[in-house]
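Number of protein chains: 2
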Amino acid sequence: MSITERELLAMIERIFPQRADGLELGIGDDCAAIRPSPGHETLITVDTLIEGTHFSRKYTTPRDLARKSMAVSLSDIAAMGGAPRFALLSLNFTRTVDRRWIGAYLKEFRSAAERFGCVVAGGNVALAPRDLSVTVTAVGEVKRGRRVDRSGARPGDAVYVTGTPGDSALGFDLLRANRPRYRQWERRLMARHTRPEPRVAWGRALANKKIPSAMIDISDGVAIDLRRMLAASGVSARIGLFNFPLSKEAARIVETKGEAVWRRILSGGEDYELLFTVPPGRVKKLERLIAEGSVVAARIGQTMEGRGSLTVADRSGNVLALEHEGFLHGSE
Amino acid sequence: MSITERELLAMIERIFPQRADGLELGIGDDCAAIRPSPGHETLITVDTLIEGTHFSRKYTTPRDLARKSMAVSLSDIAAMGGAPRFALLSLNFTRTVDRRWIGAYLKEFRSAAERFGCVVAGGNVALAPRDLSVTVTAVGEVKRGRRVDRSGARPGDAVYVTGTPGDSALGFDLLRANRPRYRQWERRLMARHTRPEPRVAWGRALANKKIPSAMIDISDGVAIDLRRMLAASGVSARIGLFNFPLSKEAARIVETKGEAVWRRILSGGEDYELLFTVPPGRVKKLERLIAEGSVVAARIGQTMEGRGSLTVADRSGNVLALEHEGFLHGSE
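Shown next as structure tokens:
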């Protein structure tokens, strides 16, 4: 085998900090013990990335996987308006990775946590027979009364999205093509897939200012995640592609390949941007935040009375038909 | 494929409760939101069971796996003296399990949680290419000042263990023999492997009375986990097998197969009993708890000055040699 338990535990002890604010007891005991901040709720979420379902080592370095596994869980904290505090890692490695791979993964996992003010407080390592996988439990907190659920949208709210969704899916298509060479602009799209950025600061800024009525992160595509938010809130929505915030790289692909690319942009997933609704009375406050650069977001539509349906108008104003079924990675 | 995402999500919604004390927001949003109890620390732990490493479906029904996956994580909460509050499940299923299997697993997972006052607050489902695995994050709490770490043992403490360790390993050997028929007493041992009981009530009783100086749960065998506790505490210990609490089933195997069975009993693992040390001044209080039946535990040895070494005296008083290396499931 590639690494002994002793080496692995020594590596873990070396890499992860034992002391941090609010951490009563870190890695090395049966549990981590954390001290919740007074006046806050604790947020907790868990996500798993499995090789062959969510990533391939062909396109994903251990550092990319570390960042992405952290990003996926922290994005859920961001979507509630929370601040990340602690992360626990369950690493199921296989005999096909060596100590260098594991070391690179763990070091970058720590760095990724630190960048978001998050401390690695515990975890678990095991040898899996075949599938390499990582499960990250993220713990965050949000001031009482500031939490943003996905169920709070009301008819007449504006629909906003952060960043430029769709880049991740288009980048993934480029990766999958596995060409010997890529152009600079193509690499930028690919990096959007391999190194997504959880929108922690934007989510907190929005929640602290009490701007969104509902919020969700985009893991399975704007269309599916917006439908989830609409269903949870009991409203419908119409979005238009005329003002949709495309990156210039994505716009270039739409120009070349035509309008069909929009389906991929709206349904591709793994953007980890935030999708949120804003009551009319708070739109001005949001637009100020956007103008000063505290949040990067664009208005894409409007909610209305209804039971969770989504209408998408293309850039000519015609209704665009989209697949309706939910998406479970690897199950289609 | 065996189950669609829609069916799976409907099943999850049907099975898991949305409301519980301290649960601000349950399954169905980006995160669960929980309200910590004032004056308490939050305990958190994560454990994974992987088919082929930790279990085989040949010997493990979905109900057994549900109970065991819950038990393994709750045992860590018990070992800190905590009360379980919430659990999050990451289920990586494969195409080799059908909706009946998943339904049976999820229902028993809920029941197992409820038995320990624990609420399933969130999770994640994904389709894995090959390895079926479950990762359970358990969240508990303990009153400030009552938490029991593994590092608190001092020279001169008594060493105690709950229940009858070794049964699980002996039961596993019987299971693995895969015989067409078993006797009643053999089935009892096998059940100790397939349906371990986390010692939540005992752990809490001990911590509430401030009895242990250190505590750990036995996942990898008395010998290895005791060494871990000794190393964390910076003491050595001597234990004797003369008064070791054997079940009558295990005693029967020792009688038949001889003293070599002791190595298996001490190093087999997966007992999920509690191992703890007690300062001399608190032994009387503990013996009262044991006498009244609030805790089932037996004294097996004594700590002393030292640097983490463990001496085991067999029933004739001779030193028993044991393997020293740590144990990572599946990595030997």
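For the protein sequence lines, the chains are A and B, in the order given. The first sequence lines up with residues 0 to 331 when you count with numbering that gives the first Met the number 0. The second sequence lines up with residues 0 to 331 when you count with numbering that gives the first Met the number 0. Every residue, glycine too, gets a C-beta built ideally from N, C-alpha and C. On a predicted model such as this, the values are computed, not experimentally measured, just so you know.
For L275 of chain A versus Y181 of chain A, is the C-beta spacing smaller than 7 angstroms?
-> Inspection of the sequence shows that residue 275 of chain A is occupied by Phe rather than by Leu. No.
Would you please state the rounded distance, in angstroms, between the beta carbons of V96 of chain A and L126 of chain A? I believe it to be under 8 angstroms.
-> About 10 angstroms; that fails the 8 angstroms criterion.
Straight-line CA distance for S246 of chain A to I252 of chain A?
-> Straight through space, the alpha carbons of I252 of chain A and S246 of chain A are spaced by roughly 10 angstroms.
Is A78 of chain B buried or exposed, if buried means 16 or more other CB atoms sit within 10 Å of its CB?
-> A residue is called buried when at least 16 other Cβ atoms come within 10 angstroms of its Cβ; A78 of chain B meets this threshold and is buried.
Measure how close the beta-carbons of L87 of chain B and V133 of chain B come, nearest whole angstrom, since I'm counting them as under 8 angstroms.
-> Actually they do not touch by this definition, with Cβ atoms about 11 angstroms apart.
Does any C-beta atom of chain A lie closer than 7 angstroms to the C-beta of R149 of chain B?
-> yes
Leaving out the 5 sequence neighbours to the left and right, which residues in its chain are closer than 8 angstroms to A213 of chain B when beta-carbon positions are compared?
-> Hits under 8 angstroms: V147, D148, R149, S150, G151, A152, D156, M228, A231, S232, F275, T276.
Contact set between V96 of chain B and chain A, taken where Cβ atoms lie within less than 7 angstroms | Correct list: empty, because the minimum Cβ distance to chain A is about 13 angstroms.
Find out if the Cβ-Cβ distance for the pair C30 of chain A, T44 of chain B is shorter than 7 angstroms.
-> yes
Taking buried to mean at least 16 other C-beta atoms within 10 Å of its own C-beta, is R18 of chain B buried or exposed?
-> R18 of chain B comes out exposed.
For A78 of chain B, return the contacting residues in chain A, with the cut-off set at a CB-CB distance below 7 angstroms.
-> D29
In the segment 85–167 of chain A, which residue ranges form an unbroken alpha helix (DSSP H) of at least 4 residues, counting only runs that do not cross its ends?
-> 98–114
Segment contact flag, the segment 111–122 of chain A with the segment 8–28 of chain A, C-beta cutoff 8 angstroms, min 3 pairs | yes
Okay, do the segment 63–70 of chain B and the segment 183–196 of chain B touch, 3+ Cβ pairs below 8 angstroms being the bar?
-> yes
Around the Cβ of A176 of chain B, are there at least 16 other Cβ atoms within 10 angstroms (buried) or fewer (exposed)?
-> exposed
Where does E331 of chain A land, buried or exposed, given buried means 16+ other C-beta within 10 angstroms?
-> Reliability fails at E331 of chain A, whose pLDDT of 31 lies under 50, so the model's placement of it is uncertain and the value that follows must be treated cautiously. By the C-beta density criterion, E331 of chain A is exposed, having fewer than 16 other C-beta atoms within 10 angstroms.
Please state whether DSSP places M10 of chain A in a helix, a strand or coil.
-> In the structure shown, M10 of chain A sits in a helix (DSSP, three-state: H, G or I).
Within the 7 angstroms Cβ cut-off, does L327 of chain A reach chain B?
-> With a pLDDT of only 48 at L327 of chain A, under the threshold of 50, the placement of this residue in the model should not be trusted, and no figure is reported.
May I ask you to report which of helix, strand or coil DSSP gives S235 of chain B?
-> strand
Measure the beta-carbon distance from P154 of chain A to C117 of chain A and round it to whole angstroms, keeping in mind my assumption that it falls under 8 angstroms.
-> P154 of chain A to C117 of chain A, Cβ: 37 angstroms. No contact.
Nearest chain B C-beta to A168 of chain A closer than 7 angstroms, yes or no?
-> Interface with chain B (7 angstroms Cβ-Cβ cutoff): A168 of chain A is excluded.
When burial is assigned at 16 or more other CB atoms within 10 Å of the CB, is G257 of chain A buried or exposed?
-> exposed
Could you tell me which chain B residues have their CB closer than 7 angstroms to the CB of T163 of chain A, listed as they occur along the chain?
-> Going along chain B, no residue has its Cβ under 7 angstroms from T163 of chain A, so there is no contact; the nearest lies around 21 angstroms.
What residue range is occupied by the uninterrupted alpha helix (DSSP H) comprising V199 of chain A?
-> If you look at V199 of chain A, you'll find it in the alpha helix (DSSP H) that goes 199–207.
Residues from the segment 119–132 of chain A in contact with chain B, defined by Cβ distance under 8 angstroms | A120, G121, G122, N123, V124, A125, L126, A127, P128, R129, D130, S132
Check whether T161 of chain B and W201 of chain B have beta carbons under 7 angstroms apart | yes
From S315 of chain A to A9 of chain B, what distance separates their C-alpha atoms?
-> Looking at the two C-alpha atoms, the distance is approximately 37 angstroms.
Use the C-beta contact count for R203 of chain A: other C-beta atoms within 10 angstroms, 16 or more gives buried, fewer gives exposed.
-> buried
Would you mind sorting F241 of chain A into buried or exposed? The rule is 16 or more other CB atoms within 10 Å of its CB.
-> exposed
Taking buried to mean at least 16 other C-beta atoms within 10 Å of its own C-beta, is V234 of chain A buried or exposed?
-> buried
In terms of alpha-carbon separation, which member of A:L22, A:T41, A:A296, A:P35 lies closest to E23 of chain B?
-> A:T41
Starting from T193 of chain A, follow the alpha helix (DSSP H) in both directions and report where the run begins and ends.
-> Counting along the chain, the alpha helix (DSSP H) containing T193 of chain A begins and ends at 183–193.
Taking all protein chains shown into account, do 16 or more other C-beta atoms lie within 10 angstroms of the C-beta of W184 of chain A, making it buried, or fewer, making it exposed?
-> By the 10 Å Cβ count, W184 of chain A comes out exposed.
S55 of chain A classed as buried or exposed, judged by whether at least 16 other C-beta atoms fall within 10 angstroms = exposed
Could you list which residues in chain A have their beta carbon closer than 8 angstroms to that of L309 of chain B, in chain order?
-> Within chain A, no residue comes near L309 of chain B; the closest Cβ sits about 17 angstroms away, beyond 8 angstroms.
Would a C-beta distance cut-off of 7 angstroms place Y271 of chain A and S36 of chain A closer than the cut-off?
-> no
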